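Visitor: One structure is given below, represented as structure tokens, and several questions about it will come after.
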Amino acid sequence: MPDSLHEKTAAELGECLAQGEASAVEIADAFVARATAVDEKVHAFLHRDDEDFLAQAKRSDERRANGQSRGALDGVPVALKDVISMKGQPLTAASRILENYVSPYDATAVVKLKEAGALVWGRLNLDEFAMGSSTENSAFGATHNPWDLSRVPGGSSGGSAAAVAARQAPLTLGSDTGGSIRQPASLCGVVGMKPTYGMVSRYGLAAFASSLDQIGPFSQTVEDTAILLGAISGHDPLDSTSYPTEVPDYRKGLTENQGPWKLGLPKEFFGEGIDDEVRRLVDEAIAFYQAEGHELVEVSLPQTELAVPVYYVIATAEASSNLARYDGIRYTHRSERAENAIDVYSKSRGEGFGEEVKRRCILGAYGLSSGYYDAYYLRAQKTRTLIRKDFEAAFEQVDAILTPTSPTAAFKQGERSDDPISMYLSDVFTISVNLAGIPGISVPCGFTKDGLPVGLQVIGQAFKESEMLAVAHAYDKTHQFGRRYPEL
Amino acid sequence: MKEPQTMDVEYAANLARIDLTVEEKKKFNGQLGDILQYFEKLKAVDVEGVEPMAHAFPRHNVWDEDESRAGFSAEEALSNAPAKRKDQVVVPKVIEE
């Protein structure tokens, strides 16, 4: 049994622990062995503190032996995207500018995981400061898609998706600003979910675009995502945008909620630009819902094609402001060539930031600058209102919306790295969800002829994660494509 | 309102306080111009009378209780600073003689 521990879902591991079939130390050992065996090929991790991981496992076993187990996640590993603070551990955001940074505090999500007894372990690769869709923009080398090592895992949370796909962790956390959880989940064949804005505290998350960023889970199954989401959600006074609302029992909601549902198909998401095989697999998943007695309704989100330009104006503006803190004064890297104060800023940032981060900070500063503010930033914010209204109108007719997560399966490494716009368009189906602030989840829905995974996106209403997860689970529990994993 | 077709990369990079190499300037000139061109789509949208949206679910007047709580020591707060001395960050001189 312990040989196959790395294959198990979090729910199964929790059951093994509860039944005494495996100890937390055995589980931790199994994942260390797995990561040691396969991460040379995948490069999901930027850093691992195996010693701390095993110490946490030992404490979990002691709690259980004393009858003080903290529940379903006690003894279950959760690995973190390298933008989520964990006290005493490095946080690089995959950037040279934070190469030697060590977090002096825990993110609220990490505090909650520790309270739940989870074994919080490992720093996962990403596009620098979460800017990108392929995890090629990491200053410390790209992550490879476990299903085809010559392809990208998606991004920006590529390490978080690949770690679950390669069975190096049963659960991981990522962050999603424009699709950075859902798109890599789709490309790696795992479940990935972005909660409603304000559901999970952003305290301790290295900020990219503050009005869009959310932390969220990756797992093999929707059930596991429900478990992890329940553990990290909830109001936090340390994040002033955190929303004061009840956290329901998401796991219970999976079976309590049965529909029948009205499911919306936005016609703008099924037009040109979608790969034929992606289209076919998503259509099959949609047909399943119809066969199960749910009603399919065509809806319209007319501003869909504006979502990408609106997003890039707003996200780059917020990024240029957020990343101003990396000034060579307070955090790690300072240029040795700097001769005066302005030099410290410009040279440290010139040396410390990678190309995409520079592009976006410059673009953002430009969009906010005198003379251009009205034309770009203000206009984008107004168009954002129109995008949200589209969703509000659609949700008057339907309970949830179904779309492809990404227009294509995983693309080749290097294929889009010098063409920012084509890279930006890989998020065309996920971005509007962040702009509207609503939740979305990618569920694996099959494989292309080349063996590459494809994801179905379920979009829910604000703060109605429970219902959205139930819709996703209805498909996932009978198909379980996320349970498959590649030979490595 | 100015109608930019290309971006003055040097001007914008200075606003962002980012030093660019000659190669980066050249590369970004084309790429950022293309991206701005792509943003032109937004100009066709009728946003007359539409309120701008800064946040999905805006919350206003979020106050904390006025009570003290534990924070960082000076040492912890400065733990990542590149240069420090006597519990302070060392920076280049900013006042001219």
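Residue numbers (my numbering), protein chains in the order written: chain R, 1 to 488; chain W, 1001 to 1097. Backbone N, C-alpha and C fix where the C-beta goes; we use that ideal spot for every residue, glycine too. Note that the structure is a prediction, hence the values are computed from the model and not measured.
Determine the chain W residues that contact L378 of chain R at a beta-carbon separation under 7 Å, and present them in chain order.
Guide: P1052
Visitor: So, V454 of chain R versus M468 of chain R, is the Cβ gap smaller than 8 Å?
Guide: no
Visitor: So, is T316 of chain R buried or exposed, given that buried needs 16 or more other C-beta atoms within 10 angstroms?
Guide: By the neighbour-count criterion, in which 16 or more other beta carbons inside 10 Å mark a residue as buried, T316 of chain R falls on the buried side.
Visitor: Using CA atoms only, rank isn't needed, just tell me which of R:S417, R:Q480, R:S432, R:E465 is closest to F489 of chain R.
Guide: Residue 489 of chain R is absent from the structure shown; chain R starts at 1 and stops at 488.
Visitor: Work out the CA separation of L46 of chain R and L124 of chain R for me, nearest whole Å.
Guide: 6 Å
Visitor: What residue from R:G198, R:G352, R:Q183, R:E295 has the CA that sits closest to A139 of chain R's CA?
Guide: R:G352
Visitor: Bridge partners of P444 of chain R, per DSSP?
Guide: R:G455
Visitor: Between the segment 226 to 235 of chain R and the segment 372 to 384 of chain R, do at least 3 Cβ pairs fall closer than 8 Å?
Guide: no
Visitor: Between the C-alpha atoms of P1058 of chain W and E1048 of chain W, what's the straight-line distance to the nearest angstrom?
Guide: 22 Å
Visitor: Taking the alpha-carbon of L1032 of chain W as reference, which of R:E355, R:E392, R:D249 has the nearest alpha-carbon?
Guide: R:E355
Visitor: Measure the alpha-carbon distance for A162 of chain R versus P170 of chain R and round it to whole angstroms.
Guide: One C-alpha to the other measures close to 11 Å.
Visitor: Leaving out five residues before and five after M1001 of chain W in sequence, what residues of the same chain have Cβ atoms less than 7 Å from its Cβ?
Guide: Below a pLDDT of 50, predicted positions are generally treated as unreliable, and M1001 of chain W, at 43, falls in that range; no measurement from the model is reported.
Visitor: Any beta carbon from chain R within less than 8 Å of A1083 of chain W's own beta carbon?
Guide: It does: the Cβ of A1083 of chain W has a partner Cβ on chain R nearer than 8 Å.
Visitor: Among residues of its own chain, excluding the 5 on either side of Y366 of chain R, which ones have a beta-carbon nearer than 7 Å to its beta-carbon?
Guide: Y372
Visitor: Spatial neighbours of I314 of chain R within its chain, please: C-beta separation below 8 Å, excluding the five flanking residues on both sides.
Guide: A209, S211, L212, Y377, A380, Q381, R384, L435
Visitor: According to DSSP, is P420 of chain R helix, strand or coil?
Guide: helix
Visitor: Just list the residues that DSSP pairs G192 of chain R with in beta bridges.
Guide: Under DSSP, G192 of chain R shares a beta bridge with R:F218, R:S442.
Visitor: Short check: CB of L456 of chain R to CB of T405 of chain R, under 8 Å?
Guide: yes
Visitor: Is the CB of H333 of chain R under 8 Å away from at least one CB in chain W?
Guide: At a cut-off of 8 Å, the C-beta of H333 of chain R has a neighbouring C-beta in chain W.
Visitor: Do we get a CB-CB distance below 8 Å when we pair D1019 of chain W with the residues of chain R?
Guide: yes
Visitor: Counting C-beta neighbours from all protein chains within 10 Å, is the total for E136 of chain R 16 or more, i.e. buried, or is it exposed?
Guide: buried
Visitor: Please decide whether N340 of chain R counts as near chain W, where near means a Cβ-Cβ distance under 8 Å.
Guide: yes
Visitor: Can you have a look at K412 of chain R and say buried or exposed, based on whether 16 or more other CB atoms are within 10 angstroms of its CB?
Guide: K412 of chain R sits exposed, since fewer than 16 C-beta atoms from the chains shown fall within 10 Å of its C-beta.
Visitor: From I387 of chain R to S157 of chain R, what does the alpha carbon distance come to, in whole angstroms?
Guide: Answer to the nearest angstrom: the Cα atoms are 25 Å apart.
Visitor: Measuring only between beta-carbons, confirm whether E1067 of chain W sits less than 8 Å from chain R.
Guide: no
Visitor: Taking the beta carbon of H1060 of chain W as the centre, do at least 16 other beta carbons fall within 10 Å, making it buried, or is it exposed?
Guide: By the neighbour-count rule (16 or more Cβ atoms within 10 Å), H1060 of chain W is not buried but exposed.
Visitor: Scan the segment 20 to 107 of chain R and note each continuous alpha helix (DSSP H) run of 4 residues or more that stays entirely inside, going in chain order.
Guide: Listed in chain order, the complete alpha helix (DSSP H) runs (minimum 4 residues) inside the segment 20 to 107 of chain R are 24 to 42, 50 to 65.
Visitor: Which residue spans inside the segment 126 to 213 of chain R form an unbroken beta strand (DSSP E) run of at least 3?
Guide: 171 to 176, 191 to 194
Visitor: Note down the Cα distance separating A1077 of chain W from P104 of chain R, rounded to an integer number of angstroms.
Guide: Those two C-alpha atoms are separated by around 8 Å.
Visitor: For R360 of chain R, which of helix, strand or coil comes out of DSSP?
Guide: helix
Visitor: Identify whether M1001 of chain W lies in helix, strand or coil by the three-state DSSP scheme.
Guide: With a pLDDT of 43 at M1001 of chain W, under the threshold of 50, the modelled position of this residue cannot be trusted; read the value that follows with caution. In the structure shown, M1001 of chain W sits in coil (DSSP, three-state: anything other than H, G, I, E or B).
Visitor: Could you tell me which uninterrupted alpha helix (DSSP H) segments, each at least 4 residues in length, are contained entirely in the segment 269 to 357 of chain R, listed from first to last along the chain?
Guide: 276 to 291, 307 to 322, 341 to 352
Visitor: Using a Cβ-Cβ distance cut-off of 8 Å, determine whether R388 of chain R contacts chain W.
Guide: yes
Visitor: Closer than 8 Å, CB to CB, is I431 of chain R near chain W or not?
Guide: no
Visitor: Pull up the DSSP beta-bridge partners for Q461 of chain R, would you.
Guide: None, per the DSSP bridge assignment.
Visitor: Using Cβ-Cβ distances below 7 Å, what residues of the segment 1025 to 1039 of chain W are close to chain R?
Guide: Those would be F1028, Q1031, L1032, D1034, I1035, Y1038, F1039, in chain order.
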